[in-house]
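Start counting the sequence shown at 0; every next residue gets the next number (numbering that gives the first Met the number 0). Backbone N, C-alpha and C fix where the C-beta goes; we use that ideal spot for every residue, glycine too.
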Amino acid sequence: METPAQAPNRTTRYTGYESMSIAVLVIAFAIAVLVGWLANDWTMLFQIFLIEAGMYYVVLGLLMHPGDQMVKPYLRNAMYFMFWGGTLALIGVEWIAAGTLGLSAVVLFVIFVLWIGVFALILSLPKMKRQ
């Protein structure tokens, strides 16, 4: 258990990730609004924002340093950011593909299930190496 005097040291580091995330997501939203306006298709706002936010969290997960992951218990696994960021981006790409290419819901569902399966396989590999 940490004392209140130790808490500011831990939260200061994590607040950097929060502040950076808020700033990046605000910029991503502005870009998504601009793309929606230029394309004259306001549904693209959501699709582009999902892709941008997803890619940001994938990059954040890839760039996390092991020391930074010890700040909070839920930061210990950078794969969390990579999975959910990739999932957001995949949903945005599938949404665009469904409208542009006319893919059926079954194909989109299969792609999504494959994503879940491949990522579950990737997550299980380090556990298999330890055994």
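Comparing alpha-carbon positions, which option in the options lies nearest residue i?
i: S20; options: L124, M43 and G53; result: G53
i: A119; options: F82, L87, L44 and W41; result: F82
i: I90; options: G35, I121 and I47; result: I47
Got a sec, what are the start and stop residues for the alpha helix (DSSP H) residue i sits in?
i: G85; result: M78 to L100
i: M54; result: T42 to L62
State the Cα-Cα distance for the pair residue i and residue j, rounded to the nearest angstrom.
i: F80; j: Y56; result: 5 Å
i: A104; j: V112; result: 12 Å
Measure the CB-CB distance between residue i and residue j and report whether it falls below 8 Å.
i: M78; j: G60; result: yes
Assign residue i to one of two classes, buried (16 or more other C-beta atoms within 10 Å of its C-beta) or exposed (fewer than that).
i: F108; result: exposed
i: E17; result: exposed
i: I115; result: exposed
i: A29; result: exposed
i: L37; result: exposed
i: G84; result: buried
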